[in-house]
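First the structure, in the form of structure tokens, and then the observations on it.
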Ligand code: 5AD
Ligand code: SF4
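Residue numbers (the UniProt record's numbering): 1 to 473.
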């Protein structure tokens, strides 16, 4: 390719043009400094962000940066989250530290991207008080990273590129996977649900599904590359395919993915109870590859609160879904997300949440204190619950959830299960750590040669949140 010509207009060709250009710039700088340039990618938030970070890391490696986990690097990028306020506060805190590093290394470039950057108040604040940041972009134009990188390397000014929304999905950019044997795969982007507490629809835009053939092609490629487990990612996977020209359901997509030879395990995240179909449960029940784990966010057990949250299901409907899942998919692990302290939540409402927790008996649950997100309907609701009340409810909920998950985990003790070995155990010498189909973690004796393999393990002892096991040859 001739880089003196104008950049192509088409994607992804345009980005490949800028990749080449960035490579030349990185090489020149590296020769000038007489050392390789390093880059560090730090991820906040969910699995979706983790996958996006693999795209960022793929591009940084492609253009010649050496990857490092040390933030004293030549290029540092934070892929941010804004779902709860404490995620934002952490970013501001750590930016202060980065500023210190930049004073020592004037070649350093600092970039910020992800959900938090989609908020105008954040970008204003960065422009006013964090002038040392070199590049700011959002969630919709992450595919443009190579191009933005070139602009940043060629300029000393702060570069800001935020899109309000997009209907573009750019395929086929370089990706650097964190694990050789498992991978996230985006099946859709954005969310149309507008739960009244949630900022995601504002920062991730409207729902867009990828074409099934693009997803299949990507997974086939991953499998050829050694991947045995995929995690299908979307904010609301149960409404996958509705907006495609030729609509496809999530259950149908799963059936197609199941056929891919060499793929051993399929996971997905996240499901919305209102869109969970009987078809999906049927497909799961007969599947050999879909893992026996369902993450079904509850948010609240009170139908009254669910209504104000705009969740569009009742406590009873939720309980019925959980019952069906447990009945039709034996041994399935159910996990959830719960928010305490949503505006107007009374002790009675909270008791309803506890009641669901006791009835469903979750294998594990993520519990969150409600966080006010500016711009969402809930932020301006009256009756925000006092902090001490929320804290007390949170503690009670956590205790209940933990006791139940411990008891639930006990039910698998003594069993022999297939385990995908994920890593050499960092704490116990001579041990490896793997995951069961139901997402539970087990440690057992083994070495690095097992990583990425699926092996049979006896679960000897349950220690609350994990098992100690032994391999069966
Ligand atoms: N406050 C607290 N928790 C929230 N979540 C989303 N928005 C908020 C908020 N404003 C939680 C939900 C969701 C999970 C990813 O984060 O439980 O399922
Ligand atoms: Fe947020 Fe609700 Fe969309 Fe999940 S489904 S991302 S909680 S708006």
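We put the CB at the ideal spot given by N, CA and C, even for glycine.
Output the boundary residues of the beta strand (DSSP E) element that contains residue 469. Segment 466-472, the beta strand (DSSP E) holding residue 469.
I think residue 228 touches residue 268, with their Cβ atoms under 8 Å apart; what is that distance to the nearest whole Å? Not a contact, Cβ separation roughly 16 Å.
If you measure from each CB to the nearest heavy atom of the ligand 5AD and keep those under 6 Å, what residues do you get, in chain order? Result (chain order): 83, 84, 197, 198, 297, 299, 337, 339, 368, 370, 371 and 373.
May I ask which residues mark the beginning and end of the alpha helix (DSSP H) holding residue 19? Run containing residue 19: 13-33, per the alpha helix (DSSP H) assignment.
Rounded to whole angstroms, what is the Cα-Cα separation between residue 394 and residue 369? Taking the straight line from one Cα to the other gives about 7 Å.
Residue 53: which of 40, 65 and 63 sits nearest, CA to CA? Looking at the Cα atoms, 40 is the closest of the given residues.
Should residue 194 be listed as close to the ligand SF4, given that the test is whether its C-beta is under 7 Å from any heavy atom? Short note on residue 194: C-beta closer than 7 Å to some heavy atom of the ligand SF4.
Thinking residue 239 and residue 272 are a contact (beta carbons under 8 Å), I'd like their distance in whole angstroms, please. Between residue 272 and residue 239 the Cβ distance is about 7 Å, and since that is below 8 Å, they are a contact.
Can you give me the start and stop residues for the alpha helix (DSSP H) that residue 284 sits inside? Taken as a continuous stretch (DSSP letters only), the alpha helix (DSSP H) holding residue 284 covers 278-286.
Roughly how many angstroms separate the alpha carbons of residue 419 and residue 184, rounded to a whole number? Rounded to whole angstroms, residue 419 to residue 184 spans 18 Å at the Cα level.
Where does residue 108 fall in DSSP's three states? It is coil, neither helix nor strand.
For residue 160 and residue 123, believed in contact at Cβ under 8 Å, the rounded distance: Contact check for residue 123 and residue 160: beta-carbon distance about 6 Å, within the 8 Å limit, so the pair qualifies.
Would you say the beta carbon of residue 377 comes nearer than 7 Å to a heavy atom of the ligand FAD? Summarising the ligand content, the structure contains the ligand 5AD and the ligand SF4 and does not contain the ligand FAD.
What's the C-alpha gap between residue 34 and residue 225? Straight-line Cα distance between these residues: approximately 34 Å.
Beta-carbon proximity check, residue 43 vs residue 79, cutoff 8 Å: The Cβ-Cβ distance between residue 43 and residue 79 falls below 8 Å.
Can you tell me the Cα-Cα spacing of residue 446 and residue 216, whole angstroms? Rounded to whole angstroms, residue 446 to residue 216 spans 33 Å at the Cα level.
Would the beta-carbon of residue 433 fall within 8 Å of that of residue 423? For the 8 Å CB-CB criterion, residue 433 and residue 423 form a contact.
Are the CB atoms of residue 340 and residue 397 nearer to each other than 8 Å? A contact, by the Cβ cut-off of 8 Å.
Taking the alpha-carbon positions, what's the residue 457 to residue 449 distance? Distance between residue 457 and residue 449, taken at the CA atoms: about 16 Å.
Assuming the contact rule is C-beta atoms closer than 8 Å, residue 326 and residue 291 should be a hit. Round their C-beta distance to whole Å, please. Under the criterion of beta carbons closer than 8 Å, residue 326 and residue 291 do not qualify as touching, at roughly 15 Å.
Who pairs with residue 454 in a beta bridge, going by DSSP? According to DSSP, which records beta bridges pairwise, residue 454 is partnered with 420.
DSSP three-state label for residue 248, please. Here residue 248 sits in coil by DSSP.
If you follow the beta strand (DSSP E) that residue 337 is in, where does it begin and where does it stop? Counting along the chain, the beta strand (DSSP E) containing residue 337 begins and ends at 333-340.
Unbroken beta strand (DSSP E) run spanning residue 160, endpoints: Taken as a continuous stretch (DSSP letters only), the beta strand (DSSP E) holding residue 160 covers 159-161.
Report whether the distance from the Cβ of residue 141 to the nearest heavy atom of the ligand SF4 is below 7 Å. Because no heavy atom of the ligand SF4 lies under 7 Å away, the Cβ of residue 141 does not count as near it: no.
Count the C-beta pairs between the segment 345-364 and the segment 60-68 that are closer than 8 Å, then say yes if the count reaches three, no if not. These segments do not touch.
Using beta-carbon positions only, say whether residue 58 and residue 176 come within less than 8 Å of one another. Inclusion of residue 58 and residue 176 in the CB contact set at 8 Å is warranted, their separation being smaller than that value.
Extent of the continuous beta strand (DSSP E) to which residue 265 belongs: Run containing residue 265: 265-269, per the beta strand (DSSP E) assignment.
CB-CB length for residue 233 against residue 48, believed under 8 Å: Indeed, because the Cβ distance is near 5 Å, the residues count as touching under 8 Å.
Can you list, in chain order, the stretches of the alpha helix (DSSP H) that have 4 or more residues and sit fully within the segment 113-177? Note on the segment 113-177: whole alpha helix (DSSP H) runs with a minimum of 4 residues are 120-129 and 145-154, in chain order.
Does the ligand SF4 have a heavy atom nearer than 7 Å to the CB of residue 272? Yes; taking the cut-off as 7 Å, the Cβ of residue 272 has a heavy atom of the ligand SF4 nearer than that.
Exposed or buried, what is residue 430 when buried is set at 16 or more other beta-carbons lying within 10 Å of its beta-carbon? Of the other Cβ atoms in all chains shown, fewer than 16 fall within 10 Å of the Cβ of residue 430; this residue is therefore exposed.
Which word fits residue 444, buried or exposed, when buried means at least 16 other C-beta atoms lie within 10 angstroms of its C-beta? It is buried - the Cβ of residue 444 has at least 16 other Cβ atoms within 10 Å.
Could you tell me which uninterrupted alpha helix (DSSP H) segments, each at least 4 residues in length, are contained entirely in the segment 353-396, listed from first to last along the chain? DSSP runs (the alpha helix (DSSP H)) wholly in the segment 353-396: none.
What first and last residue would you give for the beta strand (DSSP E) that runs through residue 231? In the DSSP assignment, residue 231 falls within the beta strand (DSSP E) that extends over 229-233.
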